[in-house]
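What follows is a set of notes on a single structure, which appears directly below.
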């Protein structure tokens with residue numbers, strides 16, 4: 001009987017072993033190296049305590065990268081989830097072409113970031129398609145140097161990311177909407193509930209599991225942003241669009257492996273500190289159908 005009760009735990013051991021070897025152990029080794037002056041051009045390394053972390057917050061470029069990372073994360077979390085819910089609700093209605101529309105809105109999320117950059121880079125130039133379109137409709141005053149203006153470049157990259165990935169969030173919300181029993185909506189109609197009341201009292205509470213998943217995915221993805229910035233701007237112009245991911249790449253490229261692991265450790269800590277409390281809070285808000 002005792003052996004039978006332990007059987008499920010035996011099944012966990014292989015996965016737990018792989019997890020420890022390929023995640024926990026490298027993370028602990030990286031944590032150790034983040035407190036050293038490990039460099040490619042040195043044969044020995046020395047424990048330097050918190051010096052790497054002090055340098056992170058005293059370097060203006062690193063501070064700007066942290067600021068840009070949080071701006072990107074906040075903008076994309078809000079944009080992807082708000083638009084994702086709106087699209088899911090619209091495409092959950094009885095439309096003849098809803099399957100085609102779902103495929104169209106979802107398709108950008110399966111494209112590589114490199115393809116997205118090839119499409120958007122010419123469009124976002126000063127003489128590109130977007131500015132020409134704004135001029136054609138009489139809104140030329142709103143034309144911008146989308147990828148070369150330091151004040152808006154990180155916002156531009158965030159908007160491109162929203163365009164690419166909102167379809168994925170839409171698919172998760174759509175699955176959540178279709179899991180809600182229609183009996184709730186029928187009862188709300190009988191009671192004379194309006195559209196907003198139905199959404200706020202029925203749809204939104206029962207959609208919380210999907211919201212929880214999407215918030216975690218978009219938040220973690222936003223804080224770990226790298227590829228979008230790297231292929232669209234390379235961190236430029238100057239250092240205007242540098243994010244933590246590109247700074248880590250630069251640190252390792254310069255041979256400053258101790259600094260690179262320190263920045264990576266800081267990013268891991270930020271993701272953990274922000275995401276876990278949010279996950280716990282959202283789980284408590286979920287309601288059983």
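Numbering (the numbering used here), first residue to last: 1 to 289.
Built from N, CA and C at the ideal position, the CB exists for glycine as well.
Assigned with DSSP and collapsed to three states, residue 72 falls in helix.
The beta strand (DSSP E) runs of length 3 or more contained entirely in the segment 121–145 do not exist; there are none. Between residue 223 and residue 73, the CB-CB gap stays under 8 Å. A residue is called buried when at least 16 other Cβ atoms come within 10 angstroms of its Cβ; residue 210 meets this threshold and is buried. Contact annotation: residue 62 and residue 71 have beta-carbon atoms that are not nearer than 8 Å. For residue 273, the enclosing alpha helix (DSSP H) begins and ends at 257–285. For residue 36, the three-state secondary structure derived from DSSP is strand.
About 12 Å separates the beta carbon of residue 207 from that of residue 184, a gap too long to meet the 8 Å contact definition. Counting along the chain, no alpha helix (DSSP H) covers residue 92, and no H or E run does either. Looking at the backbone, the Cα of residue 64 and that of residue 240 are separated by about 8 Å.
Cβ contact annotation for residue 49 (same chain, cutoff 7 Å, sequence separation greater than five): 35, in chain order.
Taking the Cα positions, residue 166 is about 8 Å away from residue 105. DSSP lists 36 as the beta-bridge partner residues of residue 47. Residue 196 counts as exposed, since fewer than 16 other C-beta atoms from the protein chains shown sit within 10 angstroms of its C-beta.
For residue 143 against residue 134, the beta-carbon gap comes to about 5 Å, under 8 Å, which counts as contact. With a minimum length of 4 residues, the unbroken runs of alpha helix (DSSP H) contained wholly in the segment 211–249 fall at 227–232. Annotated three-state conformation of residue 193 is coil, per DSSP. Taken in chain order, the complete alpha helix (DSSP H) segments of 4 residues or longer contained in the segment 155–190 are 182–190. Nearest to residue 161 by C-alpha distance, out of 87, 228 and 33, is 228. Judged by beta-carbon spacing, residue 146 lies within the 8 Å limit of residue 130, meaning their Cβ atoms are closer than that value.
Counting the other CB atoms within 10 Å of its CB gives residue 181 a total below 16, which places it among the exposed residues. One thing to note: residue 218 has its Cβ no nearer than 8 Å to the Cβ of residue 164.
Around residue 117, the same chain offers 231 and 232 as residues with beta carbons nearer than 7 Å, after the five sequence neighbours per side are excluded. In the three-state scheme derived from DSSP, where H, G and I count as helix and E and B as strand, residue 152 is classed as coil.
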